[in-house]
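These notes concern the structure reproduced below.
Number of protein chains: 2
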Amino acid sequence: MATNPQISYSPHRSEVFKGLTGEQVANLVKEGRRIKLEPKNILFHQGDPAKNCFLVNRGRLKLTKLNEQGKEVILRYIVPGELTAATAVLKNWAYPVTAEAIEETDVIVWDKPAMMQLMRRYPDIAINLLGIILERIDDVQNRYLEVCTEHVDQRIARSLLRLMRRAGSKTPEGIHIDIPLSRQNIADYSGTTLYTVSRTLSAWEKKGWIQSGREQIIVTDPHALVQFSETG
Amino acid sequence: MATNPQISYSPHRSEVFKGLTGEQVANLVKEGRRIKLEPKNILFHQGDPAKNCFLVNRGRLKLTKLNEQGKEVILRYIVPGELTAATAVLKNWAYPVTAEAIEETDVIVWDKPAMMQLMRRYPDIAINLLGIILERIDDVQNRYLEVCTEHVDQRIARSLLRLMRRAGSKTPEGIHIDIPLSRQNIADYSGTTLYTVSRTLSAWEKKGWIQSGREQIIVTDPHALVQFSETG
DNA sequence: CGCTCTATTGATAAACCTCAAATACAGTGG
DNA sequence: CCACTGTATTTGAGGTTTATCAATAGAGCG
Numbered sequence: 000m001a002t003n004p005q006i007s008y009s010p011h012r013s014e015v016f017k018g019l020t021g022e023q024v025a026n027l028v029k030e031g032r033r034i035k036l037e038p039k040n041i042l043f044h045q046g047d048p049a050k051n052c053f054l055v056n057r058g059r060l061k062l063t064k065l066n067e068q069g070k071e072v073i074l075r076y077i078v079p080g081e082l083t084a085a086t087a088v089l090k091n092w093a094y095p096v097t098a099e100a101i102e103e104t105d106v107i108v109w110d111k112p113a114m115m116q117l118m119r120r121y122p123d124i125a126i127n128l129l130g131i132i133l134e135r136i137d138d139v140q141n142r143y144l145e146v147c148t149e150h151v152d153q154r155i156a157r158s159l160l161r162l163m164r165r166a167g168s169k170t171p172e173g174i175h176i177d178i179p180l181s182r183q184n185i186a187d188y189s190g191t192t193l194y195t196v197s198r199t200l201s202a203w204e205k206k207g208w209i210q211s212g213r214e215q216i217i218v219t220d221p222h223a224l225v226q227f228s229e230t231g
Numbered sequence: 000m001a002t003n004p005q006i007s008y009s010p011h012r013s014e015v016f017k018g019l020t021g022e023q024v025a026n027l028v029k030e031g032r033r034i035k036l037e038p039k040n041i042l043f044h045q046g047d048p049a050k051n052c053f054l055v056n057r058g059r060l061k062l063t064k065l066n067e068q069g070k071e072v073i074l075r076y077i078v079p080g081e082l083t084a085a086t087a088v089l090k091n092w093a094y095p096v097t098a099e100a101i102e103e104t105d106v107i108v109w110d111k112p113a114m115m116q117l118m119r120r121y122p123d124i125a126i127n128l129l130g131i132i133l134e135r136i137d138d139v140q141n142r143y144l145e146v147c148t149e150h151v152d153q154r155i156a157r158s159l160l161r162l163m164r165r166a167g168s169k170t171p172e173g174i175h176i177d178i179p180l181s182r183q184n185i186a187d188y189s190g191t192t193l194y195t196v197s198r199t200l201s202a203w204e205k206k207g208w209i210q211s212g213r214e215q216i217i218v219t220d221p222h223a224l225v226q227f228s229e230t231g
């Protein structure tokens, strides 16, 4: 059974701090508080007042959103080096999503005054942030387009590919997605049900496109999946 | 027949320039080029290299996105005072969407160097931009949630309400949406087909929730629509 | 070995799309 | 003022996709 590789990472290489010197980053990191999370710990809840923003140093977070009836979608997985809640904090809003650790996770925390001061002192940070947010918005917009215009199996293919690119590691059999993914998770990430996901993955396993075990996916034929995701 | 009211507006009041003096804004606006668009003119195309960003001064833009098979969704309508393509330009990306004028529209244009200089000189602009982008991302995320978890008629209700809040004006009969909206437009904005929209609106018209004519919608009972959009 | 959580699979039903055809509407030019 | 043309809209019938429900099997853990 493949366990997740420990990714070597340092905050200095995070996109947020691009353009700053190592010393500057070290100072900023010192100003932040550290938090350690266990799997299933909630970092923040949708609806809570947004007091802090977070940089993931190790581990992974799952960002989800609930509607009034309690149905859930997964908006994104946050991997090391990525920031979350950066902007909510600036607007004095409630967090629009919930963040839950899905493995042992270390985060660095800044509160709003720290963020504001940071950005005023180093305008590059605000500009970097803009770039990061743009990538997020592009990601959601693409997924919005997909969910509006494509069939479920295409969307499931795109979901797997997206997760593979974000958190894939090579193995002899293919590319392993280093995130524990239940059928329900994939469904919440693709806008469908676990039953449909199960049927679809079974079919792909027969075709030799993927291998899957309990909460584990290996993409054995990425090219076929890409092809399928684009043409149906 | 109701025509769109001419909304009185000045760039100085745009959220982008919050925190700047009137004189500063006047200088910035002077640095930008002006463009005048007729209905159906394309301001920029999805896939074109993003050279400029735009502030709408008068009129309305429709932002759309196409998938590989040519199916379209409407992501957003841009109304006076709003910026578009601000971030794409920073990343040297291609525009991720297409912007089309749906009425006579005036925009102010800045290119990338101007934007960068602007933000370096006035960090508040970058921070304001972050706030604006956050609202956009929140909007798309909400719509993503809706399209993943809700039924078409609920989504159509939410679409009408969203458009009503963004571009509604009071009339004796109810709140008129000041955007020409065909059934197809509403479908593209809700992730469904024009047929379903037509049937749904007919039903609501019988219930007295809306009145509709050719490309015109008046919401006569917003409360009922809200109620319906939340409970199904 | 039993408990719990996850995954599979079949049968059924509901929601929604697609296609086809008819109707309504606005604008144009005679 | 009217006929004509090009859209927009409505409505019905039929089919497909996908969700839902139910029951079973499998995996991991103590």
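Quick note, the sequences are listed as chains E and S, same order. For reference, each letter of the first sequence is one residue, going 0 to 231 in numbering that gives the first Met the number 0. For reference, each letter of the second sequence is one residue, going 0 to 231 in numbering that gives the first Met the number 0. Don't be surprised by glycine CBs; every beta carbon is placed ideally from N, CA and C. All figures in this text were calculated on a predicted structure; none of them were measured in a lab.
Put S:W109 into one of helix, strand or coil per three-state DSSP. S:W109 falls in the strand class under three-state DSSP.
Between S:P4 and the rest of its own chain, which residues show a CB-CB distance below 8 angstroms, the 5 nearest in sequence each way excluded? Reliability of the predicted coordinates at S:P4 is poor, the pLDDT of 43 falling under 50, and the value obtained from them is presented with this limitation in mind. Excluding positions up to five away in sequence, the list reads S168 and D177.
Check this for me: beta carbons of S:P38 and S:E103, under 8 angstroms apart or not? In contact: S:P38 and S:E103 (Cβ atoms closer than 8 angstroms).
If you draw a straight line from the C-alpha of E:A223 to the C-alpha of E:W208, how long is it? Distance between the alpha carbons of E:A223 and E:W208: 7 angstroms.
Give a yes or no on whether 8 angstroms exceeds the smallest Cβ distance from E:C52 to chain S. Chain S contact via Cβ: absent.
Interface residues of chain E around S:G130 at Cβ under 9 angstroms? Those within 9 angstroms of S:G130 in chain E are T86, L89 and K90.
On the CB-based measure, 16 or more other CB atoms within 10 Å of its CB, does E:E127 come out buried or exposed? The identity of residue 127 of chain E in the sequence shown is Asn, whereas the question assumes Glu. Counting the other CB atoms within 10 Å of its CB gives E:N127 a total of 16 or more, which places it among the buried residues.
Give the straight-line distance between the Cα atoms of S:A100 and S:D152, rounded to the nearest whole angstrom. Between S:A100 and S:D152, the C-alpha separation is close to 28 angstroms.
Going along the chain, which residues of its own chain have a beta-carbon closer than 6 angstroms to the beta-carbon of E:R182, five neighbours each way excluded? Hits under 6 angstroms: L193, V196 and S197.
In chain order, what residues of the stretch 130–161 of chain S put their CB closer than 9 angstroms to some CB of chain E? Under the 9 angstroms Cβ criterion, the stretch 130–161 of chain S contributes G130, I132, L133, E134, R135, I136, D137, V139, Q140, N141, R142, Y143, L144, E145, V146, C147, T148 and E149.
May I ask you to list, following chain order, the residues of the stretch 67–86 of chain E that have a beta carbon less than 9 angstroms from some beta carbon of chain S? The stretch 67–86 of chain E vs chain S, Cβ under 9 angstroms: E67, Q68, K70, E71, V72, L74, A85 and T86.
For E:I107 and E:I174, believed in contact at Cβ under 8 angstroms, the rounded distance: With a Cβ gap of about 30 angstroms, E:I174 and E:I107 do not count as contacting.
Along the stretch 108–131 of chain E, what residues have a CB closer than 7 angstroms to any CB found in chain S? Against chain S - using a Cβ distance shorter than 7 angstroms - the residues of the stretch 108–131 of chain E are M118, R119, P122, A125, I126, L128, L129 and G130.
Does S:P95 get closer than 8 angstroms to chain E when you measure Cβ to Cβ? So yes, S:P95 belongs to the interface.
Contacts that E:K64 makes with chain S (C-beta to C-beta distance below 7 angstroms): By Cβ distance, chain S contributes Q140 and L144.
Show which residues of chain E have a CB atom less than 9 angstroms away from the CB atom of S:G190. In chain order: Y143, V146, C147 and T148.
Mind checking S:Q116: buried by the 16 CB within 10 Å criterion, or exposed? Per the 10 Å Cβ criterion, exposed.
Where E:R161 sits in the DSSP three-state scheme: E:R161 falls in the helix class under three-state DSSP.
Let me make sure I understand the geometry here. Which of S:T63, S:N40 and S:R57 has the alpha-carbon closest to that of S:N184? By alpha-carbon distance to S:N184, the top candidate from S:T63, S:N40 and S:R57 is S:T63.
Interface partners of S:E99 on chain E, CB under 9 angstroms: Within chain E, no C-beta atom comes less than 9 angstroms from the C-beta of S:E99; the nearest is roughly 16 angstroms away.
Quick check: the stretch 73–87 of chain S against the stretch 198–205 of chain S, are there 3 or more CB pairs under 8 angstroms? Output reads no: the stretch 198–205 of chain S does not touch the stretch 73–87 of chain S.
Inter-stretch contact (C-beta, 8 angstroms, three-pair minimum) for the stretch 128–146 of chain E and the stretch 22–31 of chain E: Contact check between the stretch 128–146 of chain E and the stretch 22–31 of chain E: fewer than three CB pairs, one atom from each, fall below 8 angstroms, which does not count as touching.
Just to confirm, is the Cβ distance from E:A87 to S:A125 under 8 angstroms? It is not a contact, given that the beta carbons lie outside the stated cut-off.
Terminal residues of the alpha helix (DSSP H) in which E:Y194 lies: It spans L193 to K206 - the alpha helix (DSSP H) in which E:Y194 sits, taken as one unbroken run.
Evaluate S:E172 with the Cβ neighbour count: other Cβ atoms within 10 Å of its Cβ, from every protein chain shown; 16 or more gives buried, anything less gives exposed. Counting C-beta atoms within 10 angstroms of its own C-beta, S:E172 has fewer than 16 neighbours from the protein chains shown and is therefore classed as exposed.
For S:G167, list the residues DSSP reports as bridge partners. For S:G167, the beta-bridge partners assigned by DSSP are S:I176.
is_contact[S:E299, chain E] using C-beta, thresh 8 angstroms: Chain S is shown from 0 up to 231; residue 299 of chain S falls before or after that span and cannot be answered.
DSSP beta-bridge partners for E:C52? For E:C52, which the question treats as bridged, DSSP gives the partners E:W109.
Can you tell me whether S:A98 is buried or exposed, with buried defined as 16 or more other CB within 10 angstroms of its CB? Buried is the call here.
Beta-ladder partner(s) of E:S211, from DSSP: Under DSSP, E:S211 forms a beta bridge with E:I216.
E:E99: first and last residue of the uninterrupted beta strand (DSSP E) it sits in: Where E:E99 is concerned, the enclosing beta strand (DSSP E) stretches over T97 to A100.
Please check the pair E:W109 and E:N51, which I expect to be a contact at CB under 8 angstroms, by giving their CB distance rounded to whole angstroms. Confirmed, Cβ separation roughly 7 angstroms.
So, helix, strand or coil for E:T20, using DSSP? In the structure shown, E:T20 sits in coil (DSSP, three-state: anything other than H, G, I, E or B).
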